[in-house]
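Protein chains in written order, with numbering that gives the first Met the number 0: chain Y, 0 to 293; chain E, 0 to 381. Using N, Cα and C, we set each Cβ at its ideal position, and we do this for glycine too. Small disclaimer: the values here were computed from a predicted structure and weren't measured. Written below as structure tokens is the structure these notes are about.
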Amino acid sequence: MRRAALIALPYMWLLALFFVPFLIVLKISLSDTALAIPPYTPTLDLSRGWEGFTEWWAALDFENFVFLTTDSLYWKAYLSSLQIAVISTLLTLAVGYPIAYAMSRAPDEWRPTLLMLVILPFWTSFLIRVYAWKAILAQEGFLNQFLMVFGIEPLIILNTNTAVYIGIVYTYLPFMVLPLYAALEKLDDSLLEAAEDLGCSRMKAFWLITIPLSKQGIIAGSFLVFIPVMGEFVIPTLLGGSDTLMIGKVLWEEFFSNRDWPVASAVAIILLAILIVPIVLFIKNEEKQWESEI
Amino acid sequence: MAEKPRKPSQVIYAPWEDPQAVPLIEFRGVTKKFGEFVAIDDLTLDIYEREFFALLGPSGCGKTTMMRMLAGFERPSVGSIMLGGQDLGGVPPNERPVNMMFQSYALFPHLSVWDNIAFGLKRDKLPKDRIAARVEEMLRLTRLEKFAKRKPHQISGGQRQRVALARSLAKAPKLLLLDEPLGALDRKLREETQFELMDIQEKTGTTFVIVTHDQEEAMTVASRIAVMDHGKVIQVDTPARVYEAPNSVYVADFIGDVNLLEGQFRRTGPERGEIRYSDQEPPVTAEVFEDIAEGQTVNYAIRPEKIRVSAERPDDRVNAAHGKIIDIGYLGNVSTYHVELAGGQMVKAAMTNSTRLDRRDFTWDDEVWLSWRETAGVVLTK
Numbered sequence: 000m001r002r003a004a005l006i007a008l009p010y011m012w013l014l015a016l017f018f019v020p021f022l023i024v025l026k027i028s029l030s031d032t033a034l035a036i037p038p039y040t041p042t043l044d045l046s047r048g049w050e051g052f053t054e055w056w057a058a059l060d061f062e063n064f065v066f067l068t069t070d071s072l073y074w075k076a077y078l079s080s081l082q083i084a085v086i087s088t089l090l091t092l093a094v095g096y097p098i099a100y101a102m103s104r105a106p107d108e109w110r111p112t113l114l115m116l117v118i119l120p121f122w123t124s125f126l127i128r129v130y131a132w133k134a135i136l137a138q139e140g141f142l143n144q145f146l147m148v149f150g151i152e153p154l155i156i157l158n159t160n161t162a163v164y165i166g167i168v169y170t171y172l173p174f175m176v177l178p179l180y181a182a183l184e185k186l187d188d189s190l191l192e193a194a195e196d197l198g199c200s201r202m203k204a205f206w207l208i209t210i211p212l213s214k215q216g217i218i219a220g221s222f223l224v225f226i227p228v229m230g231e232f233v234i235p236t237l238l239g240g241s242d243t244l245m246i247g248k249v250l251w252e253e254f255f256s257n258r259d260w261p262v263a264s265a266v267a268i269i270l271l272a273i274l275i276v277p278i279v280l281f282i283k284n285e286e287k288q289w290e291s292e293i
Numbered sequence: 000m001a002e003k004p005r006k007p008s009q010v011i012y013a014p015w016e017d018p019q020a021v022p023l024i025e026f027r028g029v030t031k032k033f034g035e036f037v038a039i040d041d042l043t044l045d046i047y048e049r050e051f052f053a054l055l056g057p058s059g060c061g062k063t064t065m066m067r068m069l070a071g072f073e074r075p076s077v078g079s080i081m082l083g084g085q086d087l088g089g090v091p092p093n094e095r096p097v098n099m100m101f102q103s104y105a106l107f108p109h110l111s112v113w114d115n116i117a118f119g120l121k122r123d124k125l126p127k128d129r130i131a132a133r134v135e136e137m138l139r140l141t142r143l144e145k146f147a148k149r150k151p152h153q154i155s156g157g158q159r160q161r162v163a164l165a166r167s168l169a170k171a172p173k174l175l176l177l178d179e180p181l182g183a184l185d186r187k188l189r190e191e192t193q194f195e196l197m198d199i200q201e202k203t204g205t206t207f208v209i210v211t212h213d214q215e216e217a218m219t220v221a222s223r224i225a226v227m228d229h230g231k232v233i234q235v236d237t238p239a240r241v242y243e244a245p246n247s248v249y250v251a252d253f254i255g256d257v258n259l260l261e262g263q264f265r266r267t268g269p270e271r272g273e274i275r276y277s278d279q280e281p282p283v284t285a286e287v288f289e290d291i292a293e294g295q296t297v298n299y300a301i302r303p304e305k306i307r308v309s310a311e312r313p314d315d316r317v318n319a320a321h322g323k324i325i326d327i328g329y330l331g332n333v334s335t336y337h338v339e340l341a342g343g344q345m346v347k348a349a350m351t352n353s354t355r356l357d358r359r360d361f362t363w364d365d366e367v368w369l370s371w372r373e374t375a376g377v378v379l380t381k
């Protein structure tokens, strides 16, 4: 009985904070937009009983989803988001791996401090940090002022995709570094010595032993970056330009500029459907890791 | 009974006694420092081909550092190490004809048993069929055929140990290093594996250097033992010589059980001397081959099993002492009697339990005689 109650707790949590909101969004995505509060029809009127329910049910349709396929903006935004998410995941991995590797090889007494430094940026507001990048990357920003000292022409970075990538890599780096560090820290030095002893150069030992043994960390870190970047809205809005197309931005505009809740909900539902595949893969990976550790 | 003529194959293997023999490994004045700490102190040592050489000592004595220098993971601060006449100085670990079996086994967890064994062979870029043949051979040698496809975490500790051995032998190294290879196994399995190791060493003809802190293990497997302490080799000898003729109190005490009787030395004949260790007992008569100054304080070391316990003073033994049994350690096959002599010294004597326990001759507080021959112990000056 106590066990059942204990297990019920997380399920109740998921039900109340994930499944019910999901159903509401799903319902809105099947509704029509209206000048009303809330800005869509139909709304369920329970006072009319069964008749009210059937009428409400009959009014739901897939019109909004059909609409999404007719306007190329939407699928282009999805594809562009996917591209940005994939590229920035790879960039974050490329930057994060050496950091995590150096941390895991650092002397024992340094590791807590280094770990702290990775987590430290979380202590200030994410928005302030992204605005700080605006100040750095702007045409008369710190970076260009610095380059001018050496007589280098100012670079146009702000309001381009490059700025978006810089912002994403910077923001999501800890999510990549921490799982990588966790995997690399467990790596037994004697495995690398054994590989060397059996005829590997240092480089080869890294490819044959270190990389495969940190695979779980690479996968976990990549998903932790990829999944939220896919729906990222703040970074492309603040750092990106007019040609930076991301589905998070489209969603925001549908919701707040157009006040078209049903279309915005449909966009969100499709985004969720796209993300379910990597989320399931991520959970599978976590399970596998857990199994291999017992 | 006439002595059986020795078969030609039974020639005693003892290259260290042959001045013509060329050693496989030579440590020449090797010193290794870690910062201020001296791990190996001016060490010179020869190891011969096909030897099963044991480095024995307490933890921190430098035995692992010696092994890691042979493998190439550490470099001597001073001196050189030669392997088959070649200076190993600048040779990195991956280019040495030396393989190592790690204490933790260091099996690659993401590779199967088969791939672990094949790992070193693949680095040599051998053709696939040669690799497969060699891996199969190693699997047969270590009786692991059935486990080839398993991952290291799916097999038992004993099997893992054999995979580690197979992997380190696969490349047919000139020298195999074993770092506490049996430390993780339980006693029964460890004893079995010791004989397996000796068997494999003989079959492959590889030179083995084993690091261990377990003196029984070293005694069982090794052709010679180097007893180490604080970065120095104290004695290098066959197991029997190390046990029966230790060169110092440290070695006598480290290997097996020993009684040490301290006293003044007096020469009584060309190869005879006596040690007065107590006012109440007659001095011990012993064989002495080295020059010892009159009146020098020496230690007389005698193993418990060389001492006989009896109710009467025996006539056939030169040395005897009278005392009282304080404690009896019953080990099943052997009983150790702790006897207090009149002068207060405690002497341990081990007797085989040839009769059953209820028929034992002595019990606590019995007055007994301890006796031993003049050749039973050794006189130690350091």
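Check: Delimiting residues of the alpha helix (DSSP H) encompassing Ser79/Y; Outcome: Ser71 to Arg104
Check: Where the stretch 121-152 of chain E meets chain Y: residues whose CB sits under 8 angstroms from a CB there; Outcome: Arg122, Asp123 and His152
Check: Reference Phe225/Y, options Pro41/Y, Ile208/Y and Met175/Y, closest by Cα; Outcome: Met175/Y
Check: Beta-carbon neighbours of Ala193/Y, restricted to chain E and to distances below 7 angstroms; Outcome: Phe101 and Ala105
Check: Test item: CB-CB of Val248/E and Asn298/E under 8 angstroms; Outcome: yes
Check: Residues within the stretch 178-205 of chain Y neighbouring chain E, beta-carbon criterion of under 7 angstroms; Outcome: Asp187, Ser189, Leu190, Glu192, Ala193, Glu195, Asp196, Leu197, Gly198, Cys199 and Ser200
Check: Interface flag, Pro211/Y vs chain E, CB-CB below 8 angstroms; Outcome: yes
Check: Nearest residue (CA-CA) to Leu177/Y, options Thr40/Y, Ala99/Y, Glu50/Y and Leu59/Y; Outcome: Ala99/Y
Check: Leu176/E beta carbon near the ligand COA (any heavy atom closer than 7 angstroms); Outcome: Absence of the ligand COA is noted for the structure shown, with no ligands found whatsoever.
Check: For Lys62/E, the three-state DSSP class (helix, strand or coil); Outcome: helix
Check: Cβ neighbours of Ile331/E in the same chain (closer than 8 angstroms, five flanking residues each side left out); Outcome: Per the sequence shown, residue 331/E should be read as Gly rather than Ile. If we look at Gly331/E and ignore the five residues flanking it on each side, its Cβ neighbours are Asn352.
Check: C-alpha distance - Tyr169/Y paired with Ile234/Y, whole-angstrom precision; Outcome: 11 angstroms
Check: Among Pro126/E, Ala319/E and Leu120/E, the one whose alpha carbon lies nearest that of Val346/E; Outcome: Ala319/E
Check: Within-8 angstroms CB hit, Ile208/Y to chain E; Outcome: yes
Check: N-terminal and C-terminal residue of the beta strand (DSSP E) that Glu25/E is part of; Outcome: Ile24 to Phe33
Check: Straight-line gap, Asp40/E to Ala375/E (C-alpha atoms, nearest Å); Outcome: 34 angstroms
Check: Pro97/Y classed as buried or exposed, judged by whether at least 16 other C-beta atoms fall within 10 angstroms; Outcome: exposed
Check: Amino acids of chain Y, ordered along the chain, whose beta-carbon sits closer than 7 angstroms to that of Tyr118/E; Outcome: Looking at the sequence provided, one finds Phe at residue 118/E rather than Tyr. Ordered by position in chain Y, the residues that pass the 7 angstroms Cβ test against Phe118/E are Leu197.
Check: Beta-carbon spacing of Thr284/E, Glu373/E below 8 angstroms; Outcome: yes
Check: Collapsed DSSP secondary structure at Ile278/Y in the structure displayed; Outcome: helix
Check: is_contact[Phe207/E, chain Y] using C-beta, thresh 8 angstroms; Outcome: no
Check: Backbone CA spacing between Met68/E and Gly230/E [nearest angstrom]; Outcome: 13 angstroms
Check: Members of the stretch 50-73 of chain E near chain Y, C-beta cut-off 7 angstroms; Outcome: Ala70 and Phe72
Check: Any chain E beta carbon closer than 8 angstroms to Met11/Y; Outcome: no
Check: Min CB distance Lys170/E to chain Y below 8 angstroms; Outcome: yes
Check: Closest by C-alpha distance to Val308/E, when choosing among Glu286/E, Arg275/E and Ala349/E; Outcome: Ala349/E
Check: Start-to-end residues for the alpha helix (DSSP H) that takes in Ser180/Y; Outcome: Looking at the sequence provided, one finds Tyr at residue 180/Y rather than Ser. Run containing Tyr180/Y: Asn160 to Glu184, per the alpha helix (DSSP H) assignment.
Check: Paired residues, beta bridge with Asn98/E - DSSP; Outcome: Leu175/E
Check: Residues that Asn98/E contacts on chain Y, provided the C-beta gap is smaller than 8 angstroms; Outcome: Asp196 and Leu197
Check: Separation of Arg240/E from Lys3/E, as counted between CA atoms; Outcome: A caution first: Lys3/E carries a pLDDT of 49, below 50, which makes its placement in the model too unreliable to give a value.
Check: C-alpha gap between Gly84/E and Ile24/E, whole angstroms; Outcome: 8 angstroms
Check: is_contact[Pro108/E, chain Y] using C-beta, thresh 8 angstroms; Outcome: yes
Check: Within chain Y, the residues that Pro75/E reaches when beta carbons sit closer than 7 angstroms; Outcome: None at all; the shortest Cβ gap to chain Y is about 18 angstroms.
Check: Residue span of the alpha helix (DSSP H) that contains Ser76/E, given as start and end; Outcome: That residue, Ser76/E, is in no alpha helix (DSSP H); it is neither H nor E in DSSP.
Check: Residue span of the beta strand (DSSP E) that contains Val226/E, given as start and end; Outcome: Arg223 to Asp228
Check: CB contact flag (Ala267/Y, Leu250/Y, <8 angstroms); Outcome: yes
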